[in-house]
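K.L.:
Going by UniProt numbering, the first residue of the sequence shown is number 1, and it counts up by one from there. Have a look at this one before I ask anything.
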Amino acid sequence: MRTVLAREMGCCSILGRVLGRLGRRPEIRAASKDAGFGTEARRQLQPRGFSKRSTPLENQPFPGLLQPENLSREQLVDVLRASVVDQKGPLVTLNKPQGLPVTGKPGELTLLSVLPELSQSLGLGERELQVVRASGKETSGLVLLSSCPQTASRLQKFFTYSQRTQRPIATYWAVTDGIPAPSEGKIQAALKLEHMDGVDLVVPVKPPSRKDILEGVKRTLSHYRVVATGSGCALVQLQPLTVFPSQLQVHMVLQLCPVLGDHKYSARVSIVLGQRFLLPAESTKPQRQVLDEALIRRLHLTPSEAAQLPLHLHLHCLRLPGARPRDTPVELLAPLPPYFSRTLHCLGLHQQ
Numbered sequence: 001m002r003t004v005l006a007r008e009m010g011c012c013s014i015l016g017r018v019l020g021r022l023g024r025r026p027e028i029r030a031a032s033k034d035a036g037f038g039t040e041a042r043r044q045l046q047p048r049g050f051s052k053r054s055t056p057l058e059n060q061p062f063p064g065l066l067q068p069e070n071l072s073r074e075q076l077v078d079v080l081r082a083s084v085v086d087q088k089g090p091l092v093t094l095n096k097p098q099g100l101p102v103t104g105k106p107g108e109l110t111l112l113s114v115l116p117e118l119s120q121s122l123g124l125g126e127r128e129l130q131v132v133r134a135s136g137k138e139t140s141g142l143v144l145l146s147s148c149p150q151t152a153s154r155l156q157k158f159f160t161y162s163q164r165t166q167r168p169i170a171t172y173w174a175v176t177d178g179i180p181a182p183s184e185g186k187i188q189a190a191l192k193l194e195h196m197d198g199v200d201l202v203v204p205v206k207p208p209s210r211k212d213i214l215e216g217v218k219r220t221l222s223h224y225r226v227v228a229t230g231s232g233c234a235l236v237q238l239q240p241l242t243v244f245p246s247q248l249q250v251h252m253v254l255q256l257c258p259v260l261g262d263h264k265y266s267a268r269v270s271i272v273l274g275q276r277f278l279l280p281a282e283s284t285k286p287q288r289q290v291l292d293e294a295l296i297r298r299l300h301l302t303p304s305e306a307a308q309l310p311l312h313l314h315l316h317c318l319r320l321p322g323a324r325p326r327d328t329p330v331e332l333l334a335p336l337p338p339y340f341s342r343t344l345h346c347l348g349l350h351q352q
């Protein structure tokens, strides 16, 4: 009993020291009231050495894009080790590449399946890492890991409390085909997960009945803000206040502005004589995203390359509790993938 208690107290003490140091690191800063919406956040979208006059990324359709299915376990561990954003005490933060699933079927190569090897590679010994917070398979960005169960539990309680009090803890960047109007607002929708034609798809339900809620329908909410526009597209900041599979992708479809590279839900948005409208979700099958020819040219892609466009949805920022209860939360930040930065450059997205 004393050993367990000492271990728990040790983890909590470590977490306090870790979070105290995080707030002093240059790439991890205290969270402001409008976290990420200002000039500083827009500056961070521009990769180092990248300017409007430089065009080295235009020669590659998707620079930096990882193909996990072509990697061995050892290679994936090397990639993940190189993607570590921060490591302090029991906490490890990764910038997950797009296309890497967090979980999967037995024998499938996933983030979870290589955590024992990653723990060893990072010098954690027998203290195996567990996932505290992660983006989905097609989403790039932050993954928070912990080698201490008590630390993971405390952080999960913080996330749950933040969600209950509608305080955003995750900030995503997305490039959308179309410009949301108005330029800032909230998206509310009741969603359910349905298995159709061998695929799990998220379908809106309105208005949901009490029976629907009992059968797995969830009321979801996201905040959005258009940060930049160009070439009929937008750079949008998204902050989900609920957690549901594909929530942000479906929410942007409901705004008639699907995320660029969304080959699962974008077919629900149709355009006739320049007007956008929603097709019934139940009768719309997933298909490769159809983009305007002018947009494909602007992206310097061939039609076949455009059909392979990766999802432009990136978990850029996570808010963690301060070292003490009254301390200001701190932010963990993950740089944009090179292909995402290339898209911003090609579209000439400018600040509003």
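Using N, Cα and C, we set each Cβ at its ideal position, and we do this for glycine too. All values reported here derive from a predicted model rather than from experimental measurement.
In the DSSP assignment, the beta strand (DSSP E) including residue 204 goes from what residue to what residue?
P.N.:
199 to 205
K.L.:
Contact defined as beta carbons within less than 8 Å: I believe residue 186 pairs with residue 162. What is the distance between those atoms, to the nearest angstrom?
P.N.:
Not confirmed; about 16 Å, so no contact.
K.L.:
If you follow the alpha helix (DSSP H) that residue 346 is part of, which residue opens it and which one closes it?
P.N.:
338 to 347
K.L.:
Starting from residue 172 and walking both ways along the alpha helix (DSSP H), at which residues does that stretch end?
P.N.:
Per DSSP, residue 172 lies in no alpha helix (DSSP H); the unbroken beta strand (DSSP E) holding it starts and ends at 170 to 177.
K.L.:
In the DSSP assignment, what residue or residues form a beta bridge with residue 62?
P.N.:
In DSSP, residue 62 forms no bridge with anything.
K.L.:
Any chance you could list the alpha helix (DSSP H) runs of at least 4 consecutive residues sitting entirely within the stretch 285 to 330, in chain order?
P.N.:
293 to 298, 303 to 306
K.L.:
Is the number of C-beta pairs between the stretch 235 to 254 and the stretch 175 to 194 that are closer than 8 Å three or more?
P.N.:
yes
K.L.:
Given a cut-off of 8 Å, decide if residue 177 and residue 233 are closer than it, judged by their beta-carbon atoms.
P.N.:
yes
K.L.:
Ordered along the chain, which non-local residues of its own chain (more than five positions away) have a Cβ less than 7 Å from that of residue 76?
P.N.:
68, 109, 114
K.L.:
Just to confirm the assignment: which complete beta strand (DSSP E) runs, minimum length 3, are found wholly within the stretch 259 to 288?
P.N.:
269 to 272, 275 to 278
K.L.:
Below 8 Å between beta carbons: does that hold for residue 150 and residue 122?
P.N.:
Not in contact: residue 150 and residue 122 (Cβ atoms no closer than 8 Å).
K.L.:
Take the Cβ of residue 262 as the centre, count every other Cβ of all protein chains shown within 10 Å, and call the residue buried at 16 or more, exposed below.
P.N.:
Answer is buried; the Cβ neighbour count reaches 16.
K.L.:
Less than 8 Å between the CB atoms is what I'm expecting for residue 143 and residue 94, so what's the real figure, rounded?
P.N.:
Contact between residue 143 and residue 94 holds: CB atoms are separated by about 4 Å, below the 8 Å threshold.
K.L.:
Using CA atoms only, rank isn't needed, just tell me which of 274, 147, 314, 308 is closest to residue 287.
P.N.:
308
K.L.:
State the beta-bridge partners of residue 92 as determined by DSSP.
P.N.:
87, 145
K.L.:
For residue 62 and residue 301, I'd like the C-alpha separation in whole angstroms.
P.N.:
10 Å
K.L.:
Using CA coordinates, which residue listed in 312, 269, 334, 317 is at the minimum distance from residue 342?
P.N.:
312
K.L.:
Could you give the distance in angstroms between the alpha-carbon of residue 337 and the alpha-carbon of residue 315?
P.N.:
11 Å
K.L.:
What are the boundary residues of the beta strand (DSSP E) that residue 188 is part of?
P.N.:
184 to 196
K.L.:
Is the separation between the beta-carbon of residue 225 and that of residue 256 shorter than 8 Å?
P.N.:
no
K.L.:
Do you know offhand how far residue 325's Cα is from residue 204's?
P.N.:
38 Å
K.L.:
Quick check on DSSP: helix, strand or coil for residue 133?
P.N.:
strand
K.L.:
Give the DSSP bridge partners of residue 223, in chain order.
P.N.:
186, 239
K.L.:
In the DSSP output, what is residue 233 paired with across the bridge?
P.N.:
177, 230
K.L.:
When the Cα atoms are used, what is the spatial distance from residue 72 to residue 135?
P.N.:
22 Å
K.L.:
Please classify residue 154 as buried or exposed, where buried requires at least 16 other C-beta atoms within 10 Å of its C-beta.
P.N.:
buried
K.L.:
Would you report the Cα separation of residue 358 and residue 329, rounded to the nearest angstrom?
P.N.:
The first residue shown for the chain is 1 and the last is 352, placing residue 358 beyond what the model contains.
K.L.:
Just how far apart, CA to CA, sit residue 271 and residue 228?
P.N.:
23 Å
K.L.:
Can you give the Cα-Cα distance for residue 175 and residue 258, rounded to whole angstroms?
P.N.:
9 Å
K.L.:
Is it true that the CB of residue 319 sits closer than 8 Å to the CB of residue 213?
P.N.:
no
K.L.:
Using only alpha-carbon positions, find the residue among 247, 195, 289, 240 that is nearest to residue 260.
P.N.:
289
K.L.:
Taking just the CA atoms, how far does residue 112 sit from residue 130?
P.N.:
Each residue's Cα considered, the two are about 8 Å apart.
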